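Converting from the sequence shown to my numbering requires adding 4 to each position, the first position being numbered 1. Remarks on the structure that follows.
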Amino acid sequence: MKIDFRSDTVTKPTPGMLDAMMSAKVGDDVFGEDPTVNALEEMLAKMFNMEAALFCPSGTMSNQIAIKCFTQPMDEVICDQTAHVYRYEGGGIAYNSMASVRLLNGERGILTPEIIEPEINADNIHYPNSSLVVLENTVNKGGGKCYQLSQIEPIAKLCAAKGIKLHLDGARIFNALVATGDKAFDYGKQFDGISVCLSKGLGAPVGSVFLSNKATIKKATKIRKVLGGGMRQAGFLASAGIYALDNHVDRLADDHKNAKALANELEKADFVSYVMPVETNIVLFDVKPDLDVDQVVNAFEEKGVLCNSTSNKTIRFVTHLDVNEEMIDQTIQVIKNLKL
Ligand SMILES: *Cc1c(COP(=O)(O)O)cnc(C)c1O
């Protein structure tokens, strides 16, 4: 069996999670009558100190719904140039919200008020209206780098002062919370919207939840319907999310430890020129300039280790629930002995 580091989305439900799914109480969620979906939404809203929540089929949909809620056509969304909402959501900002995007250059995707403020447009008929800032925590393209809550607070202050909404793409927010020790509850008052993924490190098969105030979630529910994301007996899926929140949050620390162990070994490898410092469950490293990145990925695959290239010199390993310590030891041996 191959050891799969391509993404933390490749996990399969554990036996305990499957049991929870099979015994879920369900109803028609488009009528608001699925008790398990309602329980998941309430659980996350409480956890993040937000008024309401909406269960969505994917992180992309929950982000796109958020952007649609917080912008009007001709507005501008401000985000880092690495942002998932910009790079990996298929041009959805233009298609769904008819908004333009102002891309900023944060340090490994981390923005500051100093970077954001000069890019907020003045009220002038020539300029798009800057109506939304999107942060990502952890930053996927930044190698899983985290914001501390204390770095977010001044950004939230700036946005509030300028009348701009602030959304968090929290696909891996629980990795950030485990790594920083910040509390989910303290996130609610910083953001107008938060997307949380259940199908990344938490190990659920499907699902993401959008958190906001009651009025925004009402609007979001309509948009989800229009996008075709209204699901019926979705409680089977929501129960996997509840199970993940109950059982798979604290263990993210193991993924972080495993990622650091891989990074330590990669530092020593002669085919590697640079390893990005690891903060959570993502390891990004560059291969030596004389090597072809695909050749390195293929050499790993031949030894039973799956990973992805993310550029013509960078390779990504992501640790997750389905990679145990023994597999990490095996992978360390593969790194030690890789012949190119
Ligand atoms: C995975 C991911 C998403 C959502 O992805 P889906 O595959 O649509 O669930 C959003 N933002 C970031 C940073 C991600 O890594």
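Even for Gly, the Cβ is constructed at its ideal location relative to N, Cα and C. Since this is a predicted model, take the numbers as computed values, not measurements.
**Report entry** Span separating the alpha-carbon of residue 346 from that of residue 87
**Finding:** This structure cannot settle anything about residue 346, because the visible part of the chain is limited to 5 through 344.
Query raised in the report: Quick one: what's got a C-beta closer than 6 Å to residue 192's C-beta in the same chain, skipping five residues either side?
Result: Sequence-distant partners of residue 192 (beyond 5 residues in either direction) whose C-beta falls short of 6 Å from its own C-beta, in its chain, are 52, 53 and 54.
Query raised in the report: Between which two residues does the alpha helix (DSSP H) containing residue 89 stretch?
Result: First-last of the alpha helix (DSSP H) with residue 89: 88-91.
Requested in this report: Measure from the alpha carbon of residue 265 to the alpha carbon of each residue in 339, 109, 59 and 56, then state which is nearest.
Outcome: 339
Query raised in the report: Leaving out the 5 sequence neighbours to the left and right, which residues in its chain are closer than 6 Å to residue 208 when beta-carbon positions are compared?
Result: 202, 244, 245 and 248
Query raised in the report: Anyone know if the C-beta pair for residue 289 and residue 171 falls short of 8 Å?
Result: no
Requested in this report: Note down the Cα distance separating residue 220 from residue 20, rounded to an integer number of angstroms.
Outcome: 34 Å
Requested in this report: Using 7 Å as the cut-off, classify the Cβ of residue 212 as near or not near the heavy atoms of ligand 1, replying yes or no.
Outcome: For residue 212, the shortest separation between its Cβ and any heavy atom of ligand 1 lies below 7 Å.
**Report entry** Given 8 Å, three or more beta-carbon pairs between the region 97-110 and the region 64-80
**Finding:** yes
Query raised in the report: Is residue 163 helix, strand or coil when you go by DSSP?
Result: Reduced to three states, the DSSP call for residue 163 is helix.
Query raised in the report: DSSP three-state call for residue 48: helix, strand or coil?
Result: Three-state DSSP puts residue 48 in a helix.
Query - One or two residues paired with residue 201 in a DSSP bridge - result: 212
Query raised in the report: Nearest to residue 135 by alpha carbon, out of 304, 143 and 123?
Result: 123
Query raised in the report: To which residues does DSSP link residue 80 through a beta bridge?
Result: 104 and 134
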